[in-house]
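Below is one structure, written out as structure tokens; the observations come after it.
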Amino acid sequence: MKSNKSRQLWLVTSWEFIQFFKWKQELVSKLIMLAIGAMVLVWQYVQDDSEPSYRIAVTQNNGKELADGDAVPTDLPAKIAQFEFVQSSVSASSLATTLSEESAYDAVLLYSLDSNGQRKLTVYSQEKQAWLAQLQQALLQHYSIVYAEQLGLQAEQLSLLTTPAVFVVNFMDDSIREDDGVSSATAIGMIVLLAIGVFTSFGQLFAGVTGEKQQRVTEQLYSCISAQTWVDGKICGQILHGMKAMVSSAITGLLIFAFVTVIVKGQALDFSFLNWALVPWLLLFALAGLYLCTAFMAAIAAAIDDPNHSAKTSMMLLPLVPIILTFLSMDNPSGWALTFLSYFPLTAFAAMPVKMSLIDVPFWQPLISFGLMVVLCLWVRGAAGRLFKMGMVMYGKEPTLKDMLRWVIKSEN
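To convert, note that position 167 of the sequence shown is 622 in the numbering used here; the numbers rise steadily by one, no gaps.
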């Protein structure tokens, strides 16, 4: 008898997975991604690798007649980085009008002094260009050096003025990881992967369960298979889909990171920022979390009579609440909020992996958290089976929340 139930469970699980898994579409999507990467790679090789150069016309003529003594040295060299500066006596407005034509200049720089004697640089450009920000940065850096020389400051003194202190943060709590940027990025990555898994299960469960109920497919299957086995198979199949989506998204993200690092930036590939010791824990908590989410969504979907107008559709989004709460609490990984969420069974699947990526936790903490989730999963399995059984055979009227709570506690004969 037990062997027969196992075969039935495997049959439902494989059917639930295969009906939504289209390997040809998966293969085509990956080939398209590789083709896009190949086009970017080819473009990197065929484009001109030489650094672009820009000619900037420098003038002090603002359209008015300059009196003797009005002209001041611009203190600009002939070239700064990729910018070449050409002195001109033509007015700035006249030079600016030629920028729309085949001009020898890329921009016009009007050099003047304000009422306080401070340099004022006005740039005229035909269009908004990305290199204008680089021009501004180059000019500011140049005139910082010019002012320092006028004040008699050495390069070391100027460096001390621009960087007056070195700021170092040491945490008395040794569990907090020092590289906060990498840790936060890892935590956000985990949250995104969990959200992808939940959203994948949500869409497929909603479409599958409501469609089967309207066509009365599940009602006919109750004669040869129990409701518990049927819902167990659907949950397991959707867990496989959620894990597939998470793994596929993680691999895609790593490939994109590798492509940008090696091909676009020309740097050495380095995955040292990844904490590989977290991967087994992430998989365990993801499995338990996806089980809770899919079991809840399957039970709610079974109670929906009309998917187009049912108010219970929004209830299927409740599994996203733990992910949102974890994201809002991750700024203080040692605080009571994330600590509570990491132990509370309904939110631990999202909170504990995030906490482990931000701080070092003792081995017993994730072990206890996962154990509490396993106990909850065992109870949720029976509750989801009872809700699914009663919801799938109820037509014309949706069960109330009171009815659903009663079914969670005890099955109706």
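The C-beta atom is built at its ideal place from N, Cα and C for all residues, glycine as well. Keep in mind the model is a prediction, meaning the values are calculated, not measured.
Item: Nearest candidate by alpha-carbon position, reference THR802, set LEU738, LEU775 and ALA839; Value: LEU775
Item: Extent of the continuous beta strand (DSSP E) run through GLU853; Value: It is not in any beta strand (DSSP E) - GLU853 carries neither H nor E in the DSSP assignment.
Item: Cα-Cα separation between PRO619 and ALA640, rounded to whole angstroms; Value: 29 Å
Item: Within the stretch 793 to 843, ranges of the alpha helix (DSSP H) (whole runs, at least 4 residues); Value: 803 to 813
Item: Cβ-based neighbour list, LEU860, same chain, cut-off 6 Å, excluding 5 preceding and 5 following; Value: none
Item: Neighbour-count burial assignment, PHE728, 16 or more Cβ in a 10 Å radius; Value: exposed
Item: ASP561 versus ALA547: straight-line alpha-carbon distance, rounded; Value: 13 Å
Item: Distance, GLU481 Cα to PHE472 Cα; Value: 14 Å
Item: Cβ-based neighbour list, GLN537, same chain, cut-off 8 Å, excluding 5 preceding and 5 following; Value: GLU506, PRO507, SER508, TYR509, TRP586 and GLN589
Item: LYS534 (DSSP reduced to helix, strand or coil); Value: strand
Item: Per-residue burial, ASP815 [other beta carbons within 10 Å of its own, 16 or more giving buried]; Value: exposed
Item: Three or more C-beta pairs below 8 Å linking the stretch 805 to 819 and the stretch 736 to 744; Value: yes
Item: Nearest to GLN820 (by Cα), restricted to the options VAL835, TRP834 and PHE804; Value: PHE804
Item: Euclidean distance between Cα positions of LEU773 and CYS679; Value: 33 Å
Item: Among THR855, ALA753 and TYR746, nearest to MET698 - alpha-carbon criterion; Value: TYR746
Item: Bounding residues of the alpha helix (DSSP H) (the contiguous stretch that carries SER548); Value: 547 to 552
Item: Through-space distance from MET770 to LEU464, alpha-carbon basis; Value: 27 Å
Item: Short Cβ contact (7 Å threshold) for PRO800 with LEU842; Value: no
Item: Contacting residues, own chain, Cβ-Cβ under 6 Å from ASP858 (five flanking each side not counted); Value: none
Item: ALA610, buried or exposed, once every other Cβ within 10 Å from all chains shown has been counted against 16; Value: exposed
Item: Ranges of the beta strand (DSSP E) found wholly within the stretch 556 to 604, counting only runs of at least 3; Value: 562 to 568 and 574 to 579
Item: Buried or exposed by the 16-neighbour rule on C-beta atoms within 10 Å, applied to VAL653; Value: buried
Item: GLU611 - partner residues in DSSP beta bridges; Value: Answer is none; GLU611 lacks a bridge partner.
Item: CB of LEU796 within 7 Å of CB of LEU780, strictly; Value: yes
Item: Coarse secondary structure for GLN542, derived from DSSP in three states; Value: strand
Item: Separation of CYS691 from THR617, as counted between CA atoms; Value: 59 Å
Item: Through-space distance from ALA593 to SER824, alpha-carbon basis; Value: 54 Å
Item: Under the three-state DSSP convention, the category VAL734 falls into; Value: helix
Item: Contacts around LEU531, its chain only, beta-carbon distance under 7 Å, and the 5 residues preceding and following it disregarded; Value: VAL513 and PHE540
Item: Status (buried if at least 16 other CB within 10 Å, exposed otherwise) for GLN596; Value: exposed
Item: 7 Å Cβ cutoff met for LEU660 and ALA756; Value: yes
Item: Distance between beta carbons of LEU648 and SER704, contact taken as under 8 Å; Value: 6 Å
Item: Cβ neighbour criterion (16 or more within 10 Å) applied to GLU582; Value: exposed
Item: C-alpha gap between SER567 and PHE622, whole angstroms; Value: 38 Å
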